[in-house]
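Step one of this worksheet: look at the structure below.
Residue numbers (UniProt numbering): 1 to 68.
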């Protein structure tokens, strides 16, 4: 069984400004004494996703109308 997931504008290019270390962390390199590096890199990616697709930040409350 094969399912295809469609993402609107999924082939658009976005730009994320990362340091070399942040890029290395996202590619799988471990920096055991610097967990904040991974947190920073992921935060930058999430911010670009939120801006690009106008997604509300995950810490915001859920709209009541969406629950029904």
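Positions of the beta carbon are idealized from the N, C-alpha and C atoms, including for glycine.
Extent of the continuous alpha helix (DSSP H) run through residue 4: The count along the chain shown starts at 1 and reaches residue 4 at position 4. Element bounds for residue 4: n/a, residue is neither H nor E.
task: Answer with buried or exposed for residue 29, where buried requires no fewer than 16 other C-beta atoms within 10 angstroms of its C-beta.
output: Numbered from 1 along the chain shown, position 29 holds the residue referred to as residue 29. Burial check for residue 29: the Cβ neighbour count within 10 Å stays below 16, so the residue is exposed.
task: Assign residue 12 to one of two classes, buried (16 or more other C-beta atoms within 10 Å of its C-beta) or exposed (fewer than that).
output: Here residue 12 is taken as the residue at index 12 of the chain shown, counted from 1. Exposed: under 16 other Cβ atoms inside 10 Å.
message: If I follow the unbroken alpha helix (DSSP H) through residue 18, where does it start and stop?
response: Translated into the one-based positions of the chain shown, residue 18 becomes position 18. Residue 18: not part of any alpha helix (DSSP H); DSSP gives it neither H nor E.
field: Boundaries of the alpha helix (DSSP H) in which residue 31 is found, first to last residue
entry: Your numbering for residue 31 matches position 31 in the chain shown. If you look at residue 31, you'll find it isn't in any alpha helix (DSSP H); DSSP assigns it neither H nor E.
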